[in-house]
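Numbered according to this note's numbering, the first sequence spans residues 60 to 267. For glycine and all other residues, C-beta sits at the position ideal for the given N, C-alpha and C. Note that the structure is a prediction, hence the values are computed from the model and not measured.
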Amino acid sequence: MSGVAEHPRLGERLDRSFYRRDSLEVAPQLLNKVLAHGAVAGRIVEVEAYRGEADRASHAFGGRTARNATMFGPPGHLYVYFTYGMHFCANVVCGEEGEAMAVLLRALAPLAGLEEMRRRRGSTRAAHDLCSGPAKLCQALGIDRRLDGADLVASDGPVALLDDGTPPPEAIAVGPRVGLSRRAGESAALPWRFALRGEPCVSRPAPA
DNA sequence: ACCGGGATGTTCT
DNA sequence: GAACATCCCGGTG
Numbered sequence: 060m061s062g063v064a065e066h067p068r069l070g071e072r073l074d075r076s077f078y079r080r081d082s083l084e085v086a087p088q089l090l091n092k093v094l095a096h097g098a099v100a101g102r103i104v105e106v107e108a109y110r111g112e113a114d115r116a117s118h119a120f121g122g123r124t125a126r127n128a129t130m131f132g133p134p135g136h137l138y139v140y141f142t143y144g145m146h147f148c149a150n151v152v153c154g155e156e157g158e159a160m161a162v163l164l165r166a167l168a169p170l171a172g173l174e175e176m177r178r179r180r181g182s183t184r185a186a187h188d189l190c191s192g193p194a195k196l197c198q199a200l201g202i203d204r205r206l207d208g209a210d211l212v213a214s215d216g217p218v219a220l221l222d223d224g225t226p227p228p229e230a231i232a233v234g235p236r237v238g239l240s241r242r243a244g245e246s247a248a249l250p251w252r253f254a255l256r257g258e259p260c261v262s263r264p265a266p267a
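Next up, the structure:
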């Protein structure tokens, strides 16, 4: 049974065709969409595009492995990975199967289930800090490795990406991706991070 | 405000 | 053994 079905007013699921495009095109269009896991949901305010085996910053660089298998699969699925010994991060798989394109979800503005978020994240936290980072939002929504590969399009999928009718953002801040290391090389400077301008829930201040 | 280090374990060299 | 698409807390200015 899907928890999302208990809250149909949050919006309508995006369909497969939404994801079947270059991650650079999908990324800015994910802003203002809604990510929901059960009764807990937030509006997407910050994302980053990763673009397949040629992208030195991507987990897909160097080809398919056990960890990144979901990225090489069909679009419209969730790629969840574990990092730094304690955190999970979530991506949306884009493009065509085998292209290994994805969009990292970096921050949400909390919409529903704030009590549950606070219980998972720690009760002393301000609302704007519940989902203001890629690992924070996974913790707040209860997303972990069990949800790697979850289908975002299937009506009974445990995680949903929804359009709730909010219009596309008027002002999008664009800048370099966050947290990349030496291996990323020159691609670390590419402006593939997108955020809502003036949004308090982003993981760090929007670039100029 | 900024900066540094520790937590913690999976993945890849 | 090193690196890691991070986060949190405690130091200093």
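Item: Contacting residues, own chain, Cβ-Cβ under 6 Å from V151 (five flanking each side not counted); Value: V162
Item: Bridge partners - H253, DSSP secondary structure assignment; Value: Here the sequence assigns Phe to residue 253, which means His is not the residue at that position. Beta-bridge pairing links F253 to V106, V233.
Item: Spatial distance of H96 from R126 (CA atoms); Value: 22 Å
Item: Close beta carbons around S214, own chain, < 6 Å, minus the five adjacent residues each side; Value: none
Item: Inter-stretch contact at 8 Å, needing at least 3 Cβ pairs: the region 245-260 / the region 125-145; Value: no
Item: Cβ contact check for the region 172-182 and the region 107-125: 3 or more pairs under 8 Å; Value: no
Item: Reduced DSSP secondary structure (H/G/I, E/B, other) of V139; Value: strand
Item: Under 8 Å between C-beta atoms of M160 and R123; Value: no
Item: Top-ranked residue by Cα proximity to S191, from E112, P133, A265; Value: A265
Item: Proximity winner among P87, E245, G132, relative to G157 (alpha-carbon distances); Value: G132
Item: Contiguous beta strand (DSSP E) assignments of at least 3 residues, all confined to the region 161-233; Value: 218-222
Item: Three-state class that DSSP yields for V261 in the structure shown; Value: coil
Item: Same chain, Cβ closer than 7 Å to M60, five either side skipped, listed in chain order; Value: Unreliable placement is indicated for M60, whose pLDDT of 47 sits below 50; the coordinate value is still reported in the next sentence. Within the same chain, M60 has no close Cβ partners at all.
Item: Between the CA atoms of Y138 and V99 - distance to the nearest angstrom; Value: 19 Å
Item: Limits of the unbroken alpha helix (DSSP H) element including A149; Value: Counting along the chain, A149 falls outside any alpha helix (DSSP H), though it belongs to the beta strand (DSSP E) covering 146-153.
Item: Straight-line gap, G62 to V261 (C-alpha atoms, nearest Å); Value: A caution first: G62 carries a pLDDT of 48, below 50, which makes its placement in the model unreliable, though a value can still be read off. Taking the straight line joining both Cα atoms gives about 26 Å.
Item: Residue nearest to R256 in terms of C-alpha spacing, selected from E229, E245, S240, G244; Value: E229
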